[in-house]
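Here is the structure we will look at.
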Amino acid sequence: MIDKQWANAAEAVADIGDGASLAVGGFGLSGNPIALIEALLAQGTAGLSVVSNNCGVDDWGLGILLAAGRIRKMTSSYVGENKEFERQFLSGELELELTPQGTLAEKLRAGGSGIAAFFTQTGVGTQVAEGGLPRRYNPDGSVAVGSPPKDVRTFDTPAGPRDHVLEEAITTDFALVHALAGDRHGNLIFNKAARNFNPLAAMAGRVCIAQVEQLVEPGELDPDRIHLPGVFVHRVVEVGTDIPKRIERRTVAAEGV
């Protein structure tokens with residue numbers, strides 16, 4: 001087995017060049033590979049095409065790359081809570097491929113599994129299937145680029161014949177993910193909700209770079225606890241358990257309630 005440990009985040013992302021495509025883990029602000037994102041920001045890489053559930057917020061996660069003008073295109077299922085995302089998209093500075101969340105997850109999983117495309121009922125009868133969903137606007141607000149129509153076929157289901165839309169799988173040049181623990185062979189364990197899109201993004205990247213809070217020796221992880229096998233991971237960087245983490249909201253009940 002190959003030792004996949006890298007010294008630091010900067011070295012691990014150094015060969016991500018301008019125009020690269022990235023699959024990035026995280027859901028909202030949970031499970032964001034922030035050390036890798038900050039290293040990418042510091043090295044100045046631009047023109048990125050990023051596939052991720054969302055684009056962080058204005059000052060965190062992928063939002064810091066967006067604010068610096070480094071992202072050319074986002075493929076996402078959620079675009080809220082980021083005013084800069086909204087501004088860039090509506091002004092025509094950013095291309096957006098809006099994708100249903102379950103479809104996005106399956107597109108990443110399929111790409112990592114060697115499946116070229118699949119049929120799903122999600123999106124049938126909408127612009128997702130019929131085309132015309134705005135991907136890029138002109139500065140005057142008119143649609144510069146719309147989504148193309150997709151193939152629709154009818155299949156028998158337990159509920160009877162149903163239309164299904166053809167969705168192509170996603171693969172990217174690189175994947176950036178965050179894990180709770182990993183070993184030097186790249187086997188990863190994710191922490192609860194931070195698991196989210198991280199394993200799927202890791203599978204889709206031709207080169208997967210994982211930041212882990214704790215790095216252990218091969219054999220120290222319980223095989224039954226491993227969420228993602230090392231075959232999908234190419235580089236591992238230990239970032240420590242004190243890596244900054246953010247949550248979107250904290251709700252605290254009054255004492256005694």
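Under full-length UniProt numbering, think of the first position of the sequence shown as 1, with each following residue one higher. Note that the Cβ used here is the ideal one computed from N, Cα and C, for glycine as well. If you're wondering where the values come from, they're calculated on a predicted model, not measured in any experiment.
Exercise. Per DSSP, V212 forms a beta bridge with which residues?
Worked result: A179 and E238
Exercise. By Cβ distance below 7 Å, which residues in the same chain neighbour residue 316 in space, the five residues on each side in sequence not counted?
Worked result: Beyond the ends of the chain as shown, which are 1 and 257, falls residue 316; an answer cannot be given.
Problem set entry | 9 Å Cβ cutoff, P223 in contact with chain D | In the structure shown, chain D does not exist; there is a single protein chain.
Problem set entry | Inter-stretch contact (C-beta, 8 Å, three-pair minimum) for the region 144-159 and the region 199-207 | no
For this session: Would you tell me roughly how many angstroms separate the C-alpha atoms of A117 and G256, rounded to the nearest one?
Result: 53 Å
Exercise. So what's P161 in DSSP terms, helix, strand or just coil?
Worked result: strand
For this session: Buried or exposed for K192, please, with buried defined as at least 16 other CB atoms from any protein chain shown within 10 angstroms of its CB.
Result: exposed
For this session: Measuring alpha carbon to alpha carbon, tell me which of L65, L108 and G240 ends up nearest T171.
Result: L108
Exercise. Using the rule of at least 16 other Cβ atoms within 10 Å of the residue's Cβ for burial, across every protein chain shown, is T99 buried or exposed?
Worked result: buried
For this session: Take E168 and list the residues in its own chain whose beta-carbon comes closer than 8 Å to its own, dropping the five residues that flank it on each side.
Result: K107, A116 and A117
Problem set entry | N- and C-terminal bounds of the alpha helix (DSSP H) containing G111 | Q101 to S113
Exercise. Where does N32 land, buried or exposed, given buried means 16+ other C-beta within 10 angstroms?
Worked result: buried
For this session: Can you give me the start and stop residues for the alpha helix (DSSP H) that K83 sits inside?
Result: K83 to S91
Problem set entry | In DSSP terms, what D156 is bridged to | P161
Problem set entry | Rounded C-alpha distance that separates N82 from Q88 | 10 Å
Exercise. Where does the unbroken alpha helix (DSSP H) through L62 begin, and where does it stop?
Worked result: Element bounds for L62: n/a, residue is neither H nor E.
Problem set entry | Assigned exposure category for T126 - 16 Cβ within 10 Å defines buried | exposed
For this session: Within the same chain, show all residues whose beta-carbon is closer than 8 Å to that of P161, passing over the 5 residues directly before and after it, in chain order.
Result: T154 and F155
Exercise. Is it right to say R195 is buried, meaning 16 or more other beta carbons lie within 10 angstroms of its own, or is it exposed?
Worked result: buried
Exercise. By Cβ distance, which residues of its chain are closer than 6 Å to residue 293, with the 5 residues on each side in sequence left out?
Worked result: Because the chain is modelled from 1 through 257, residue 293 falls outside the range shown and cannot be assessed.
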